[in-house]
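Here the structure comes first, spelled out in structure tokens, and everything after it is commentary.
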Amino acid sequence: MFLSILLQAAAENAHFGFAAIGAGIAALAAGIGIGRIGGDAMQAIARQPEATNDIRANMILAAALVEGAAMFGIVVGLLAMVL
Amino acid sequence: MKALIRATFLLFSVLFAGVSVAQHEGHEHAAGDTTHQHEMVATGAEAHAEHTEAHDEHATEKFDPGKMIMGHVTDEHGWHLWGHTSLPLPIIVYNTERGLSVFSSARFDHGHKTYGGYFLQEGKLLATDAPDGTDVHGATLNEALTAATWDVSITKNVLGMLVSIALMLIIFLSVAGGYRKRGVGAPKGLQSFIEPIILFVRDDVAKANIGPKYERFMPFLLTVFFFILINNLMGLIPIFPFGANVSGSISVTFALAAITFVLTLIHGNRHYWGHILAMPGVPKPVLLILTPVEILGVFLRPAILMIRLFANITAGHIIVLSFFALIFIFGEINAGLGWGVSVFSLAFTIFMSMLELLVAFIQAFVFTFLSAMYLGAAIEEPHHH
Numbered sequence: 078m079f080l081s082i083l084l085q086a087a088a089e090n091a092h093f094g095f096a097a098i099g100a101g102i103a104a105l106a107a108g109i110g111i112g113r114i115g116g117d118a119m120q121a122i123a124r125q126p127e128a129t130n131d132i133r134a135n136m137i138l139a140a141a142l143v144e145g146a147a148m149f150g151i152v153v154g155l156l157a158m159v160l
Numbered sequence: 003m004k005a006l007i008r009a010t011f012l013l014f015s016v017l018f019a020g021v022s023v024a025q026h027e028g029h030e031h032a033a034g035d036t037t038h039q040h041e042m043v044a045t046g047a048e049a050h051a052e053h054t055e056a057h058d059e060h061a062t063e064k065f066d067p068g069k070m071i072m073g074h075v076t077d078e079h080g081w082h083l084w085g086h087t088s089l090p091l092p093i094i095v096y097n098t099e100r101g102l103s104v105f106s107s108a109r110f111d112h113g114h115k116t117y118g119g120y121f122l123q124e125g126k127l128l129a130t131d132a133p134d135g136t137d138v139h140g141a142t143l144n145e146a147l148t149a150a151t152w153d154v155s156i157t158k159n160v161l162g163m164l165v166s167i168a169l170m171l172i173i174f175l176s177v178a179g180g181y182r183k184r185g186v187g188a189p190k191g192l193q194s195f196i197e198p199i200i201l202f203v204r205d206d207v208a209k210a211n212i213g214p215k216y217e218r219f220m221p222f223l224l225t226v227f228f229f230i231l232i233n234n235l236m237g238l239i240p241i242f243p244f245g246a247n248v249s250g251s252i253s254v255t256f257a258l259a260a261i262t263f264v265l266t267l268i269h270g271n272r273h274y275w276g277h278i279l280a281m282p283g284v285p286k287p288v289l290l291i292l293t294p295v296e297i298l299g300v301f302l303r304p305a306i307l308m309i310r311l312f313a314n315i316t317a318g319h320i321i322v323l324s325f326f327a328l329i330f331i332f333g334e335i336n337a338g339l340g341w342g343v344s345v346f347s348l349a350f351t352i353f354m355s356m357l358e359l360l361v362a363f364i365q366a367f368v369f370t371f372l373s374a375m376y377l378g379a380a381i382e383e384p385h386h387h
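Chains L and B are the protein sequences, given in the same order. Per this note's numbering, the first sequence runs over residues 78 to 160. Per this note's numbering, the second sequence runs over residues 3 to 387.
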């Protein structure tokens with residue numbers, strides 16, 4: 078009896094839960110992507126310290142692009158909540 | 003010239019402050035009044051059903067974090083300052099059947115009443131046949147007239163943009179005046195602050211991506227860079243006249259991305275379109291898949307420019323607002339708990355604001371860099387192998 082009420086409440090508000098999961102996966106994706114970029118950038122700096130400025134500029138650019146992709150997930154999550 | 007700019011800025015501020023700052027202590031509505039607090043945006047459908055329950059909550063005015071966050075991040079027809087004080091902004095509506103109407107949004111009584119044949123519902127301006135002053139719940143929506151309505155009001159975002167435009171004019175007209183006075187001599191004052199940034203955009207963004215013909219696009223790239231940067235920074239300052247979430251508004255970022263899109267269309271040369279519609283050196287069967295993807299890419303690239311800026315800025319604002327909302331959520335349970343959480347919230351908000359500052363600069367740079375890259379690709383001359 079309680080289970081059916083719980084199930085019904087969950088089914089009606091499912092879009093909130095899925096939105097939260099989607100946002101979490103987007104954050105996970107951003108973390109993995111930018112972590113890899115940062116790690117490879119640090120290796121490159123270790124190999125060639127005099128290129129630090131160029132590497133840093135490119136790292137920030139690539140990180141912003143990856144974060145843009147992750148933001149798609151955030152926006153879809155927001156849409157799932159509102160629509 | 004500087005005096006003229008200052009006078010214009012002062013005029014704008016006087017104009018909008020002069021329109022009476024509406025102030026009302028608490029919700030002093032009659033018992034029979036069926037006004038209700040607008041419930042969470044997400045459950046708009048349940049809003050009407052819940053208004054009877056919300057009426058009982060009028061006295062306690064329970065804190066609604068969703069409403070507070072959405073209210074700060076989205077556009078509105080007045081400018082909410084603090085508590086129950088807000089600055090009413092002019093409503094400018096053009097209806098193809100009724101003509102132009104201009105009046106103060108104070109007439110709407112915070113979205114509770116109709117006026118001039120219009121009323122506000124969840125931020126949207128709708129048309130009605132009800133006489134002035136009718137309560138919003140009694141007003142029937144006239145769909146035909148609503149479809150003929152063009153809402154060109156001065157909203158919070160529009161006023162925020164006007165403020166940033168005024169700021170940009172003040173800064174850059176003074177810098178240009180400095181160059182006119184000093185020529186190639188050593189820069190002084192504001193000029194010495196802006197010059198490295200302009201040179202950075204010229205060398206690392208324009209020249210690197212567009213090549214020898216970069217000068218043509220410098221005004222556009224500089225404008226876009228500084229417009230986005232100043233709006234991002236203004237969105238972080240909570241004090242009027244700053245604090246409008248301009249660059250986090252999808253309409254503003256759409257307009258910026260649309261300008262980039264139109265520029266790439268106009269300046270695209272034969273070589274560019276040739277590469278999109280029939281990429282050379284690719285076998286015919288692959289071309290069947292590649293060409294639709296490339297055409298999709300032409301539209302997708304400005305779209306992702308739009309979403310990247312919008313999502314980054316809005317997400318940052320929502321995070322900071324959520325930390326503040328946490329204080330009030332805990333404060334409702336126990337006042338002491340609220341104070342305790344406020345220390346932790348403040349620390350996190352300061353950290354997030356530092357990150358937001360970094361994001362403000364990075365997003366302005368990335369938008370400009372990618373616009374320059376797309377423009378450079380559009381005007382690239384073929385290099386023969």
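All residues carry an ideal CB built from backbone N, CA and C; glycine is no exception. Here the structure is a predicted model, which is why all the values come from computation and not from measurement.
* **Straight-line Cα distance separating A259 (chain B) from V300 (chain B)** => In this model, V300 (chain B) and A259 (chain B) are separated by some 12 Å (Cα to Cα).
* C-alpha gap between H38 (chain B) and F121 (chain B), whole angstroms -> Reliability of the predicted coordinates at H38 (chain B) is poor, the pLDDT of 38 falling under 50, and the value obtained from them is presented with this limitation in mind. So the two alpha carbons sit approximately 15 Å from each other.
* Environment of D111 (chain B) [buried if 16+ CB atoms lie within 10 Å] -> It counts as buried.
* Asked: With 16 other CB atoms within 10 Å as the buried threshold, where does Q193 (chain B) fall?
  -> Buried, because 16 or more other Cβ atoms sit within 10 Å of the Cβ of Q193 (chain B).
* In angstroms, rounded to a whole number, what distance separates the CA positions of S81 (chain L) and A317 (chain B)? -> Cα atoms of S81 (chain L) and A317 (chain B): separation of roughly 36 Å, rounded to the nearest angstrom.
* To do: Assign V65 (chain B) to one of two classes, buried (16 or more other C-beta atoms within 10 Å of its C-beta) or exposed (fewer than that).
  => Residue identity differs from the one stated: residue 65 (chain B) is Phe in this sequence, not Val. Result: exposed.
* **Residues from the segment 289-312 of chain B in contact with chain L, defined by Cβ distance under 7 Å** => Listed in sequence order: I306, I309, R310.
* Touching by the beta-carbon criterion (3+ pairs, under 8 Å), the segment 283-292 of chain B and the segment 339-349 of chain B -> Fewer than three Cβ pairs drawn from the segment 283-292 of chain B and the segment 339-349 of chain B lie within less than 8 Å of each other, which leaves the two stretches out of contact.
* Could you tell me the distance, in whole angstroms, from the CA atom of L128 (chain B) to the CA atom of M308 (chain B)? => When rounded, the distance between both Cα atoms is 28 Å.
* To do: Could you tell me whether the segment 247-261 of chain B touches the segment 269-277 of chain B, using the rule of 3 or more Cβ pairs below 8 Å?
  => Short answer: they don't touch.
* If you run the structure through DSSP and keep just helix, strand and coil, what is Q123 (chain B)? -> If DSSP states are grouped into helix, strand and coil, Q123 (chain B) belongs with the strands.
* **F202 (chain B): contacting residues in chain L (beta-carbon distance under 8 Å)** => What F202 (chain B) touches in chain L: nothing, since even the nearest Cβ is about 10 Å away.
* **Span of the alpha helix (DSSP H), counted from its first residue to its last, around Y376 (chain B)** => Y376 (chain B) -> alpha helix (DSSP H) spans 337-381.
* Does the distance from the C-beta atom of L311 (chain B) to that of F363 (chain B) stay below 8 Å? -> Contact: no.
* To do: Taking a Cβ distance cut-off of 7 Å, strictly less, list which residues of the segment 84-114 of chain L are near chain B, in chain order.
  => Listed by position, the residues of the segment 84-114 of chain L near chain B (Cβ gap below 7 Å) amount to none.
* Below 8 Å between beta carbons: does that hold for I315 (chain B) and S249 (chain B)? -> With contacts defined by Cβ atoms closer than 8 Å, I315 (chain B) and S249 (chain B) form a contacting pair.
* Excluding the five sequence neighbours on either side, which residues of its own chain have a C-beta within less than 8 Å of the C-beta of K4 (chain B), listed in chain order? -> These residues qualify, in order along the chain: I172, L175, S176, G179.
* To do: Excluding the 5 residues preceding and the 5 following E99 (chain B) in the sequence, name in chain order all residues of the same chain whose CB lies nearer than 8 Å to its CB.
  => Sequence-distant Cβ neighbours of E99 (chain B) in its own chain, meaning closer than 8 Å and more than five residues away, are L147, A150.
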